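Below is one structure; the comments refer to it alone.
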Amino acid sequence: MRIEEFRQRLQESQRPVVVDIWAPWCGPCRTVSPRLEKAASTFAGQIDVWQLNADEAPELVRALGVLGIPTLIFYRNGVEITRRTGVQSQEDLHRLFEMLLDEQALPSSASVPKATRWLRLLSGLALWVIASFSGWSPVLLIVGAILLFSAVHDRCPLWQAFIQRLR
Numbered sequence: 349m350r351i352e353e354f355r356q357r358l359q360e361s362q363r364p365v366v367v368d369i370w371a372p373w374c375g376p377c378r379t380v381s382p383r384l385e386k387a388a389s390t391f392a393g394q395i396d397v398w399q400l401n402a403d404e405a406p407e408l409v410r411a412l413g414v415l416g417i418p419t420l421i422f423y424r425n426g427v428e429i430t431r432r433t434g435v436q437s438q439e440d441l442h443r444l445f446e447m448l449l450d451e452q453a454l455p456s457s458a459s460v461p462k463a464t465r466w467l468r469l470l471s472g473l474a475l476w477v478i479a480s481f482s483g484w485s486p487v488l489l490i491v492g493a494i495l496l497f498s499a500v501h502d503r504c505p506l507w508q509a510f511i512q513r514l515r
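Note that our numbering numbers the sequence shown so that position 22 is 370, with each residue one more than the last.
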């Protein structure tokens, strides 16, 4: 499936959609699968769950900005609300499905736009280069590391798990 077809299908969908990006060889994907099926059956008729085999549609997976599997992308009215990478607990899946049905839930601000991501990556790397020429200044290294992490935090499963525990 091409990205245009995928987006068209999303726009035509009458219900919110959860896209499960997986692969048959992926152990964590096999862990998430029964949990996702249970959540899908609980919310049957309210939320559609689409399976996308990453091995069969690598161009689409790249176009969606997926860097790891399993990844779940949650859409409402064709707009991405949030995404999760890695194994999710049954409780987390239930909460995410409920959030998807909540019309008040806004699209995730945790998702970093591509231009912002590149700007942060390049700025962080530039600070590290400057730090290397100025005797490895700890301040520049720390600020550079923070900028680098801020470019990829939304795709880091460990960070997502940590933030979930804080909420």
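For each residue, glycine too, the CB sits at the ideal point set by N, CA and C.
Please read all numbers here as calculations on a predicted model, not as lab measurements.
Membership of residue 487 in any beta strand (DSSP E) is not indicated; the residue belongs instead to the alpha helix (DSSP H) covering 486–500. For residue 468 against residue 509, the beta-carbon gap comes to about 22 Å, at or over 8 Å, which does not count as contact.
Counting along the chain, the unbroken alpha helix (DSSP H) around residue 410 starts and ends at 406–411. For the 8 Å CB-CB criterion, residue 357 and residue 394 do not form a contact. Nearest Cα to residue 446 within the set 417, 388, 402: 388. The bridge partners DSSP lists for residue 424 are 427. Proximity to residue 374 across 492, 419, 365, 475 peaks at 419, based on C-alpha coordinates.
Between the alpha carbons of residue 450 and residue 474 lies a distance of about 42 Å. Closest by C-alpha distance to residue 471, out of 480, 481, 493, 448, is 493. When secondary structure is reduced to three states using DSSP, residue 415 falls in the coil class, being assigned neither helix nor strand. In the three-state reduction of the DSSP assignment, residue 399 falls in the strand class, which pools E and B. Of the other Cβ atoms in all chains shown, fewer than 16 fall within 10 Å of the Cβ of residue 463; this residue is therefore exposed.
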